[in-house]
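Enquirer:
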Amino acid sequence: DSGVTQTPKHLITATGQRVTLRCSPRSGDLSVYWYQQSLDQGLQFLIQYYNGEERAKGNILERFSAQQFPDLHSELNLSSLELGDSALYFCASSVEAGKETQYFGPGTRLLVL
Amino acid sequence: GDSVTQMEGPVTLSEEAFLTINCTYTATGYPSLFWYVQYPGEGLQLLLKATKADDKGSNKGFEATYRKETTSFHLEKGSVQVSDSAVYFCALKDGGTSYGKLTFGQGTILTVHP
Chain A
-15 DSGVTQTPKH LITATGQRVT LRCSPRSGDL SVYWYQQSLD QGLQFLIQYY NGEERAKGNI
45 LERFSAQQFP DLHSELNLSS LELGDSALYF CASSVEAGKE TQYFGPGTRL LVL
Chain B
2 GDSVTQMEGP VTLSEEAFLT INCTYTATGY PSLFWYVQYP GEGLQLLLKA TKADDKGSNK
62 GFEATYRKET TSFHLEKGSV QVSDSAVYFC ALKDGGTSYG KLTFGQGTIL TVHP
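Each protein sequence line maps, in turn, to chains A and B.
Throughout the first sequence, residue numbering follows the working numbering, covering -15 to 97 in sequence.
Throughout the second sequence, residue numbering follows the working numbering, covering 2 to 115 in sequence.
#1: List the residues of chain B whose Cβ lies closer than 7 Å to the Cβ of A/L27, in chain order.
#2: Determine, for A/G91, whether the minimum Cβ-Cβ distance to residues of chain B falls below 8 Å.
#3: Looking at A/T(-11): is its Cβ nearer than 8 Å to the Cβ of A/G91?
#4: Are the beta-carbon atoms of B/T6 and B/T25 separated by less than 8 Å?
#5: Quick one: is A/F48 near chain B, going by C-beta distance under 8 Å?
#6: Which residues, taken in chain order from the segment 20 to 49 of chain B, show a beta carbon closer than 8 Å to some beta carbon of chain A?
#7: Have a look at B/P115, B/N60, B/F35, B/I110 and flag the residue whose alpha-carbon is nearest the alpha-carbon of B/A87.
#8: What in chain B is Cβ-close to A/Y17, meaning under 9 Å?
#9: Compute the minimum distance between the beta carbon of A/S11 and the heavy atoms of the ligand ADP, and state whether it is under 7 Å.
#10: Unbroken beta strand (DSSP E) runs of length 3 or more, entirely within the segment 35 to 96 of chain B: which are they?
#11: Which residue from A/L27, A/Q86, A/Q32 puts its Cα closest to that of A/S78?
#12: Kindly say whether B/G108, judged by its beta-carbon, lies nearer than 8 Å to any beta-carbon of chain A.
#13: So A/K41 is in the beta strand (DSSP E); what residue range does that whole segment cover?
#14: Count the other CB atoms within 10 Å of the CB of B/L49; is the residue buried (16 or more) or exposed (fewer)?
#15: Roughly how many angstroms separate the alpha carbons of B/V81 and B/E70, rounded to a whole number?
#16: Quick one: using the 10 Å Cβ neighbour count with 16 as the cut-off for buried, is A/L95 buried or exposed?
#17: Quick check on A/D69: buried or exposed, where buried means 16 or more other Cβ atoms within 10 Å of its Cβ?
#18: Mind listing, in chain order, the continuous beta strand (DSSP E) runs of no fewer than 3 residues lying wholly within the segment -6 to 64 of chain A?
#19: Considering only residues of the same chain and omitting the five flanking positions on each side of B/V83, which have a CB-CB separation below 8 Å?
#20: Determine, using beta carbons only, whether A/T85 comes closer than 8 Å to chain B.
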């Protein structure tokens, strides 16, 4: 158990819908990262937050957004969902935003029908 | 940009066989290098890491050495077990910025038979 929690574990929805994925980092970790794992794209970095502020952006679509709240939990919002958004979404956390090890949550498996 | 290339899989071995999974990288500056493992139905777990050239990371019988001259970080284990069956990911973190994003290889599926 990494100490990073993600909810829900599974999510099934329809195209065009909007969903919210939630992540709670390890106690004491200030930085949260979101990654997408799909069969065709592999594991890709989406976005990073540090202590409530956006720190870095990767291959995140404009239909996706995220935020980190004062209690340091983070939410990833996915809207206007398409079939291709079906993937495993991981959250990871680290103490700071530099070379520290990232610890991954168990992931949320999203299926868009 | 940064990139990581892993050997093509899947890899199938018998128990107690020697394992090598090749990983090479392209990065600016001096990245940190990682191996993560993903067991079926689970998230990624850090297996080992190395933060500078010639460092050797090791854990649970697995080893990898950071080779700057060949830009490689190959994963090895002398005697694999059935419980090592999983997907292994090589990853790097750019040392040139304060940002922490990980760049992953495509993953190598390892299956170990009794």
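Backbone N, C-alpha and C define an ideal beta-carbon position, used for all residues, glycine too.
Expert: Put simply:
#1: As a position in the first sequence, residue 27 of chain A is number 43, starting the count at 1. Think of a sphere of 7 Å around the beta carbon of A/L27: the chain B residues whose beta carbon falls inside it are F90, F105, in chain order.
#2: Here the question's residue 91 of chain A lines up with position 107 in the first sequence. For A/G91, the nearest CB of chain B lies under 8 Å from its own CB, placing it at the interface with that chain.
#3: In the first sequence, residue -11 of chain A corresponds to position 5, counting from 1. In the first sequence, residue 91 of chain A corresponds to position 107, counting from 1. For A/T(-11) and A/G91, no; Cβs fall outside 8 Å.
#4: On the second sequence, position 5 is the one that residue 6 of chain B refers to. On the second sequence, position 24 is the one that residue 25 of chain B refers to. For B/T6 and B/T25, yes; Cβs fall inside 8 Å.
#5: Taking the first sequence and counting its residues from 1, one reaches residue 48 of chain A at position 64. Not an interface residue.
#6: Legend: CB atoms of the segment 20 to 49 of chain B lying less than 8 Å from CB atoms of chain A belong to residues S33, F35, Y37, E43, G44, L45, Q46, L47.
#7: Here the question's residue 87 of chain B lines up with position 86 in the second sequence. The alpha carbon of B/A87 has as its nearest neighbour, out of B/P115, B/N60, B/F35, B/I110, the alpha carbon of B/I110.
#8: Mapped onto the first sequence, residue 17 of chain A falls at position 33. Residues of chain B passing the Cβ test: G101, K102, L103.
#9: Ligands in the displayed structure: none, and consequently the ligand ADP is not present.
#10: Counting whole runs of 3 or more residues, the segment 35 to 96 of chain B contains the beta strand (DSSP E) stretches 45 to 51, 57 to 60, 63 to 66, 76 to 78, 87 to 94.
#11: Here residue 78 of chain A refers to the residue found at position 94 when the first sequence is read from its first residue. Nearest of A/L27, A/Q86, A/Q32 to A/S78, Cα basis: A/Q86.
#12: The count along the second sequence starts at 1 and reaches residue 108 of chain B at position 107. Chain A places a beta carbon closer than 8 Å to that of B/G108, counting this residue as a contact.
#13: On the first sequence, residue 41 of chain A is found 57 positions in, with the first residue counted as 1. A/K41 -> beta strand (DSSP E) spans 37 to 41.
#14: For this step, residue 49 of chain B is matched to residue 48 along the second sequence. Per the 10 Å Cβ criterion, buried.
#15: Mapped onto the second sequence, residue 81 of chain B falls at position 80. Mapped onto the second sequence, residue 70 of chain B falls at position 69. The straight-line gap from Cα to Cα measures roughly 28 Å.
#16: To locate residue 95 of chain A, count along the first sequence from 1; it is residue 111. The residue in question, A/L95, is exposed, as its Cβ has fewer than 16 Cβ neighbours within 10 Å.
#17: As a first step, residue 69 of chain A is located in the first sequence; it is residue number 85 there, counting from the start. Residue burial is scored here from C-beta neighbours: A/D69 has at least 16 other C-beta atoms within 10 angstroms and is therefore classed as buried.
#18: Entirely contained in the segment -6 to 64 of chain A, the beta strand (DSSP E) runs reaching 3 residues are, in chain order, -6 to -3, 3 to 8, 15 to 22, 26 to 34, 37 to 41, 48 to 52, 58 to 62.
#19: One-based indexing of the second sequence puts residue 83 of chain B at position 82. Within the same chain, Cβ atoms closer than 8 Å to the Cβ of B/V83 are found at E16, V113, H114, P115, the five residues on either side in sequence being excluded.
#20: Within the first sequence, residue 85 of chain A is the residue found at index 101, counting from 1. Using beta-carbon distances, A/T85 counts as an interface residue toward chain B, with a partner under 8 Å.
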